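Which chain is which? The protein sequence lines are D and Z, in order.
The numbering used here applies: residue 2 is where the first sequence begins, and numbers increase by one.
The numbering used here applies: residue 246 is where the second sequence begins, and numbers increase by one.
Ideal Cβ placement from N, Cα and C applies to all residues, glycine included.
From a predicted model like this one, the values you see are computed outputs, not experimental measurements.
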Amino acid sequence: DARVTQTPRHKVTEMGQEVTMRCQPILGHNTVFWYRQTMMQGLELLAYFRNRAPLDDSGMPKDRFSAEMPDATLATLKIQPSEPRDSAVYFCASGSSGASSTDTQYFGPGTRLTVL
Amino acid sequence: AQSVSQHNHHVILSEAASLELGCNYSYGGTVNLFWYVQYPGQHLQLLLKYFSGDPLVKGIKGFEAEFIKSKFSFNLRKPSVQWSDTAEYFCAVNEYSGGGADGLTFGKGTHLIIQP
Numbered sequence: 002d003a004r005v006t007q008t009p010r011h012k013v014t015e016m017g018q019e020v021t022m023r024c025q026p027i028l029g030h031n032t033v034f035w036y037r038q039t040m041m042q043g044l045e046l047l048a049y050f051r052n053r054a055p056l057d058d059s060g061m062p063k064d065r066f067s068a069e070m071p072d073a074t075l076a077t078l079k080i081q082p083s084e085p086r087d088s089a090v091y092f093c094a095s096g097s098s099g100a101s102s103t104d105t106q107y108f109g110p111g112t113r114l115t116v117l
Numbered sequence: 246a247q248s249v250s251q252h253n254h255h256v257i258l259s260e261a262a263s264l265e266l267g268c269n270y271s272y273g274g275t276v277n278l279f280w281y282v283q284y285p286g287q288h289l290q291l292l293l294k295y296f297s298g299d300p301l302v303k304g305i306k307g308f309e310a311e312f313i314k315s316k317f318s319f320n321l322r323k324p325s326v327q328w329s330d331t332a333e334y335f336c337a338v339n340e341y342s343g344g345g346a347d348g349l350t351f352g353k354g355t356h357l358i359i360q361p
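What follows is the structure, encoded as structure tokens:
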């Protein structure tokens with residue numbers, strides 16, 4: 002049963018520290034999405050990649066957030082420096098997209114981030 | 246920009262009652278429509294999806310949804326709910342644009358509580 006995996010599952014850090022979240026998409030999926038879930042804003046798209054190339058990161062605060070895909074099996078989301086308002090659950094999702102495909106996004110378990 | 250509106254933020258029902266959760270979206274192009282469920286403390290799971298064809302789609306756990314293009318609606322239904330259906334339900338939409346589907350735009354969610 003293929004699943005998206007995310008690490009760490011929980012992270013507590015102090016304001017100003019760097020946070021790195023990792024995601025392993027389902028093998029064979031070529032699209033990776035990062036979402037953030039908060040009580041106030043709900044679920045928001047931060048960024049996504051297709052075939053490891055960034056397609057849209059307009060939902061991401063550019064000054065402190067960065068997203069990368071070093072290889073097809075790893076996506077990272079980094080916050081530097083972190084702030085209390087970044088506290089949220091960060092979800093990674095993967096899917097298989099193509100010119101003639103209809104794709105479904107499969108979500109990972111999320112990383113619950115608390116910035117003190 | 247796309248937006249998704251879920252009319253009911255909190256719904257409380259008794260077991261065996263019928264369920265309908267409203268979802269409207271605003272976008273004039275070709276969209277894909279989804280309902281996801283999030284059980285307490287868990288990640289999002291796909292209930293059902295609509296890409297094209299029959300506007301009445303059936304999903305897992307006895308759920309179904311009907312796409313009414315003229316009303317920009319994609320309401321979720323279940324004829325008889327169970328206590329185990331207690332969860333958060335999210336309607337989502339994305340656009341298919343040639344190379345693949347974009348990131349999802351989510352509604353704010355509906356918190357469903359089923360009383361035994």
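Own chain partners of residue i with C-beta closer than 7 angstroms, once the 5 adjacent residues on each side are dropped
{"i": "ALA262 of chain Z", "result": "VAL326"}
{"i": "VAL88 of chain D", "result": "For the record, residue 88 of chain D in the displayed sequence is Ser; it is not Val. Within the same chain, SER88 of chain D has close Cβ partners LEU114, THR115, VAL116."}
{"i": "MET61 of chain D", "result": "LEU47, ALA48, ALA68"}
Contacts around residue i, its chain only, beta-carbon distance under 6 angstroms, and the 5 residues preceding and following it disregarded
{"i": "HIS356 of chain Z", "result": "HIS255, GLU333"}
{"i": "LYS323 of chain Z", "result": "LEU264, GLY307, PHE308"}
{"i": "PHE279 of chain Z", "result": "LYS294, ALA337"}
{"i": "ARG113 of chain D", "result": "HIS11, VAL90"}
{"i": "LEU289 of chain Z", "result": "TYR281, GLN283"}
{"i": "VAL13 of chain D", "result": "THR115"}
{"i": "ARG23 of chain D", "result": "THR8, THR77"}
{"i": "GLU19 of chain D", "result": "GLN81"}
{"i": "PHE317 of chain Z", "result": "ASN269, TYR270"}
{"i": "PHE66 of chain D", "result": "ILE80"}
Closer than 9 angstroms at the beta carbon, the chain Z residues around residue i
{"i": "TYR49 of chain D", "result": "ASP347, GLY348"}
{"i": "PHE66 of chain D", "result": "Those do not exist, as PHE66 of chain D stays about 15 angstroms from chain Z at its closest Cβ, beyond 9 angstroms."}
With 16 other Cβ atoms within 10 Å as the buried cut-off, status of residue i
{"i": "LYS294 of chain Z", "result": "buried"}
{"i": "ALA48 of chain D", "result": "buried"}
{"i": "ARG10 of chain D", "result": "exposed"}
{"i": "ALA310 of chain Z", "result": "buried"}
{"i": "ARG86 of chain D", "result": "exposed"}
{"i": "SER98 of chain D", "result": "buried"}
{"i": "ALA68 of chain D", "result": "buried"}
{"i": "GLN38 of chain D", "result": "buried"}
{"i": "LEU117 of chain D", "result": "exposed"}
{"i": "ASP362 of chain Z", "result": "Residue numbering for chain Z in the displayed model covers 246 to 361; residue 362 of chain Z lies beyond these limits and cannot be assessed."}
Supposed close pair residue i, residue j - CB separation, criterion 8 angstroms
{"i": "PRO110 of chain D", "j": "GLN7 of chain D", "result": "6 angstroms"}
{"i": "LEU349 of chain Z", "j": "VAL338 of chain Z", "result": "7 angstroms"}
{"i": "CYS93 of chain D", "j": "PHE34 of chain D", "result": "7 angstroms"}
{"i": "GLU84 of chain D", "j": "MET16 of chain D", "result": "6 angstroms"}
{"i": "LYS79 of chain D", "j": "THR21 of chain D", "result": "5 angstroms"}
{"i": "LEU28 of chain D", "j": "TYR36 of chain D", "result": "Contact flag wrong, Cβ pair sits at about 21 angstroms."}
{"i": "GLY304 of chain Z", "j": "LEU292 of chain Z", "result": "4 angstroms"}
Beta-carbon proximity list for residue i, same chain, < 8 angstroms, skipping 5 on both sides
{"i": "ASN253 of chain Z", "result": "LEU266, GLY267, THR355"}
{"i": "ASN277 of chain Z", "result": "LYS294, TYR295, PHE296, VAL338, ASN339, GLU340, TYR341, ALA346"}
{"i": "THR105 of chain D", "result": "GLY96"}
{"i": "ARG4 of chain D", "result": "ILE27, TYR107, GLY109"}
{"i": "HIS30 of chain D", "result": "SER95, GLY96, SER97, TYR107"}
Partner residues on chain D for residue i, Cβ-Cβ distance less than 7 angstroms
{"i": "HIS288 of chain Z", "result": "PHE92, PHE108, GLY109, PRO110, GLY111"}
Residues that residue i contacts on chain Z, provided the C-beta gap is smaller than 8 angstroms
{"i": "ASP57 of chain D", "result": "ASP347, GLY348"}
{"i": "GLY29 of chain D", "result": "Per Cβ cutoff of 8 angstroms: no residues; GLY29 of chain D is ~14 angstroms from chain Z at best."}
Distance, residue j Cα to residue i Cα
{"i": "LEU301 of chain Z", "j": "GLN360 of chain Z", "result": "28 angstroms"}
{"i": "LEU75 of chain D", "j": "PRO26 of chain D", "result": "7 angstroms"}
{"i": "SER248 of chain Z", "j": "GLY352 of chain Z", "result": "7 angstroms"}
{"i": "LEU258 of chain Z", "j": "ALA73 of chain D", "result": "44 angstroms"}
{"i": "THR115 of chain D", "j": "ILE313 of chain Z", "result": "41 angstroms"}
{"i": "PHE335 of chain Z", "j": "SER250 of chain Z", "result": "10 angstroms"}
{"i": "ASP330 of chain Z", "j": "GLU260 of chain Z", "result": "9 angstroms"}
{"i": "ASN52 of chain D", "j": "GLN287 of chain Z", "result": "28 angstroms"}
{"i": "ASP57 of chain D", "j": "TYR270 of chain Z", "result": "21 angstroms"}
{"i": "PHE319 of chain Z", "j": "TYR272 of chain Z", "result": "13 angstroms"}
{"i": "LEU46 of chain D", "j": "ILE358 of chain Z", "result": "27 angstroms"}
Partner residues on chain D for residue i, Cβ-Cβ distance less than 8 angstroms
{"i": "LYS314 of chain Z", "result": "By Cβ distance, chain D contributes nothing, its closest Cβ being about 17 angstroms from LYS314 of chain Z, past 8 angstroms."}
{"i": "GLY354 of chain Z", "result": "GLY43, LEU44"}
Interface partners of residue i on chain D, CB under 9 angstroms
{"i": "LEU291 of chain Z", "result": "THR105, GLN106, TYR107, PHE108"}
Where residue i meets chain Z, residues with beta-carbon distance less than 7 angstroms
{"i": "LEU44 of chain D", "result": "PHE335, PHE351"}
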